[in-house]
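Taking it in order: structure first as structure tokens, then the write-up.
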Amino acid sequence: MKICVTGGAGFIGSWIAEAYVGEGHEVVIVDNLSTGVVANVPKGARLVEMDVTSDAFDALADAERFDVINHHAAHMELRVSVEKPLHDAHANILGSLRVLEAARRTNVGQVILASSGGALYGAQEVFPADEEQPWRPMSPYGVAKGSMELYGSCYARIHNMTVTALRYTNVYGPRQNPFGEAGVVAIFLEKALSNAVCTVNGAGDQRRDYIYVSDVAAANMAVTRHHLGGVFNVATGLETDVNTIVAALARYMGKTIEVHHGPAKPGDLPRNVCSSERLTSATGWKPQIGVEQGIERTVAWFTDRWRRKNGA
Ligand SMILES: NC(=O)c1ccc[n+]([C@@H]2O[C@H](COP(=O)([O-])OP(=O)(O)OC[C@H]3O[C@@H](n4cnc5c(N)ncnc54)[C@H](O)[C@@H]3O)[C@@H](O)[C@H]2O)c1
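Take the sequence shown: its letter number 2 is residue 105 in our numbering, and every next letter is one higher.
Have a look at this one:
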């Protein structure tokens, strides 16, 4: 199939693009390189440097006639979305709507949308959250993900399209941007490699559901292979606190990590954890990489990159 991966020069999108190439698909990556980098583009995929919110995207979709559009391009910074909600809505709502419109117009067989469990469910009352839990977004970013999903389910209903929303928990692994606001594993790793202090917000007892990026890519392959529409959490159902993450990083790096506990971040939720039972029973997909193994692999990748960059 000919598959468009938006955001494919970014962290998760590049793993998905690589997995599609591995399954023999023709892959076209659309990315404006705002946070993504050319080095992430896997061999065998074609990069088109372009913004999904632009008219040029319509022209590309018309010319290419994709079989699948896998939409991962987005602005990721929650805090920026609070400060600049219009900017966030432009990229994350209008960008997603443009993708859906292009898919409708050009008869794309399946649209996959990258959504977020944590940003949508907000302060959970049920642990782990299944897909039927109410939305309580704590940021315009979460509202945008919810809007994207509503447009997606509406398009599925009125245009008879296959639209799949995948709600990820906290994704981590090689190629994650360590200079953003989210992604504690990558941020702390980069700091620890340069012997900088890692600031933990509050006591570090906030618990998250950390999922390794290859498991997320495998979930995308599973819903593509099964041509499966609907809404699915992509999660491990397991919780790990920040202090445990720091301890695991230190262990696999073989060094002491200097930690400073700053004030708790306002709105930082104590627990986010989701259940993927729906996806498992529909496709057989299950996460394969536990948090220890995932951190070990991520440490190895970041350490190697850091050494090559710094000639160490
Ligand atoms: N990382 C996580 O834990 C997580 C959790 C839930 C959902 N998600 C979602 O997964 C997707 C990918 O996230 P990521 O962590 O890989 O982030 P990322 O920043 O590494 O990837 C996003 C990519 O999209 C590109 N991009 C941004 N705006 C664009 C635009 N308007 N047009 C074209 N390209 C654009 C960026 O250059 C980048 O390559 C996003 O939709 C994000 O909301 C991520």
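All residues carry an ideal CB built from backbone N, CA and C; glycine is no exception.
Check                                                                                                                                                                 : Outcome
For Gly340, verify whether its CB is less than 7 angstroms away from any heavy atom of ligand 1.                                                                      : no
Taking C-beta to C-beta, are Lys131 and Phe160 nearer than 8 angstroms?                                                                                               : It should be pointed out that residue 131 corresponds to Val in this sequence rather than to Lys. Not closer than 8 angstroms, so no.
Can you tell me which of the three DSSP states Ile360 falls into?                                                                                                     : coil
Across the stretch 282-290 and the stretch 237-257, are there enough close Cβ pairs to call them in contact, namely three or more that are closer than 8 angstroms?   : no
Pop quiz: Ile314 and Pro231 are said to be a contact at Cβ under 8 angstroms. What is the actual Cβ separation, rounded to whole angstroms?                           : So it is not a contact: roughly 12 angstroms between Cβ atoms.
Taking one C-beta from the stretch 379-394 and one from the stretch 326-341 each time, how about it: are there three or more such pairs within less than 8 angstroms? : yes
Can you tell me whether Ala120 is buried or exposed? The criterion is at least 16 other CB atoms within 10 Å of its CB, across all chains shown.                      : buried
Just to confirm, does Ile115 get its C-beta within under 7 angstroms of one of the non-hydrogen atoms of ligand 2?                                                    : Judged by which ligands are present, ligand 2 is missing from the structure shown, whose ligands are ligand 1.
In the DSSP assignment, find the beta strand (DSSP E) that holds His150 and state where it starts and stops.                                                          : The sequence shown places Leu at residue 150, rather than the His named in the question. Element bounds for Leu150: Ala148 to Glu152.
With a threshold of 16 other CB atoms inside 10 Å of the CB of Leu253, please say whether the residue is buried or exposed.                                           : exposed
Return yes when at least one heavy atom of ligand 1 lies under 7 angstroms from the C-beta of Val155, else no.                                                        : yes
Mind reading off the beta-carbon distance from Tyr275 to Gly397? Whole number of angstroms is fine, and I expect it under 8 angstroms.                                : 7 angstroms
Which whole-angstrom value describes the C-beta separation of Pro277 and Trp404, a residue pair presumed to lie in contact below a C-beta threshold of 8 angstroms?   : 4 angstroms
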